[in-house]
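Notes follow the structure.
Numbering (the working numbering), first residue to last: 247 to 519.
In structure tokens, the structure reads:
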């Protein structure tokens, strides 16, 4: 197994460990983006220094779909922003780690997110400031596809090409499910890719679980044009009974499901102590 695959597998293990100690969490949404965040942080894409989180020349990653915070926490701990032991305290009284990421409290978190629809506009502000200041810094954002039903997303989608933000890459975690049902049963989003093209974006469509495609897409640049990566993913990826099942937006496994999850993720009883 390749190193990046091992990394993504470890991220998924940590996601469940966090949920186990917290007593709950949005595992489905975290699992679906685990491969994307693994490539971003651990395959020579994102420019960062965990020992100096406020390094001026760093790239920035904004998790707009903040409910998938467990994937971000797992990646930041693995990258060395804070000890992995701290993941045991997520969601506990007095902990700085909540269900949604909070800027300033947690090293490596660039934006407080969770109220959906805000991350893109926040990222556009940073990307535009960097262009004005002539900073060689790239901004990455991960959106949920259900989040793209928010009007604020499309206001941002109009603005970024107008500002010629070629230092901005948006990844849509397109798992086609949201909290209550399939995406298309809530609000019709198709043709999804054509909407972004019509707004003036460079659109790249990929398999969001293919590491080569993810890396190539994240490194794609087009002069004067922002890039959006439509990453086709599977919600709950990595755990058979979670995959493509809406109920796993927020739910913990029962006694019958837990052994299956542990075997498929490679977890042991010691991992859950």
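Cβ atoms here follow ideal geometry from the backbone N, Cα and C, with glycine treated the same way.
- Note on the region 363 to 441: whole beta strand (DSSP E) runs with a minimum of 3 residues are 385 to 390, 414 to 420, in chain order.
- Residue environment for residue 433: exposed (fewer than 16 other C-beta atoms within 10 angstroms of its C-beta).
- For residue 479, no alpha helix (DSSP H) encloses it, and the DSSP letter there is neither H nor E.
- The C-beta distance from residue 305 to residue 383 rounds to 6 Å, short enough to meet the 8 Å contact threshold.
- The beta carbon of residue 466 sits closer than 8 Å to the beta carbons of 415, 448, 450, 473, 475 from its chain, once the five residues preceding and following it are set aside; these are given in chain order.
- Three or more pairs of CB atoms, one per stretch, sit closer than 8 Å, so the region 378 to 398 contacts the region 283 to 298.
- Residue range 273 to 278 is occupied by the alpha helix (DSSP H) that includes residue 277.
- About 5 Å separates the beta carbons of residue 495 and residue 425, which is inside the 8 Å limit, making them a contact pair.
- Taken in chain order, the whole alpha helix (DSSP H) runs of length 4 or more contained in the region 297 to 355 are 315 to 325.
- Check the Cα spacing between residue 321 and each of 427, 471, 255: the tightest is with 255.
- Under DSSP, residue 515 takes part in no beta bridge, so it has no partner.
- DSSP places residue 468 in the strand class (E or B) of the three-state scheme.
- Between the alpha carbons of residue 407 and residue 438 lies a gap of roughly 17 Å.
- Residue 487 and residue 354 have their alpha carbons spaced roughly 32 Å apart.
- For residue 452, there is no enclosing alpha helix (DSSP H); the residue is part of the beta strand (DSSP E) that begins and ends at 448 to 453.
- In the DSSP secondary-structure assignment, residue 473 is bridged to 415, 448.
- Of the residues assessed, residue 339 falls on the exposed side of the cut-off, its CB having fewer than 16 other CB atoms within 10 angstroms.
- Rounded to whole angstroms, the separation of the alpha carbons of residue 400 and residue 265 is 32 Å.
- Here the C-alpha atom of residue 420 lies approximately 14 Å from the C-alpha atom of residue 441.
- Here DSSP, grouped into helix, strand and coil, assigns residue 286 to helix.
- Around the beta carbon of residue 378, fewer than 16 other beta carbons sit within 10 angstroms, so the residue counts as exposed.
- A Cβ-Cβ contact shorter than 9 Å links residue 257 with residue 283.
- Pairing residue 361 with residue 312 gives a Cβ-Cβ distance under 9 Å.
- Rounded to whole angstroms, the separation of the alpha carbons of residue 263 and residue 316 is 9 Å.
- Setting aside the 5 residues that flank it on each side, residue 330 is surrounded in the same chain by 323, each with a C-beta closer than 6 Å to its C-beta; the list follows chain order.
- With contacts defined as CB atoms closer than 9 Å, residue 477 and residue 493 fail to qualify as a contacting pair.
- If you draw a straight line from the Cα of residue 372 to the Cα of residue 349, it comes to about 14 Å.
- The three-state secondary structure of residue 499, taken from DSSP, is coil.
- Short of 6 Å from the beta carbon of residue 485, and not among the five residues preceding or following it, lie these beta carbons of its own chain, in chain order: 507, 510.
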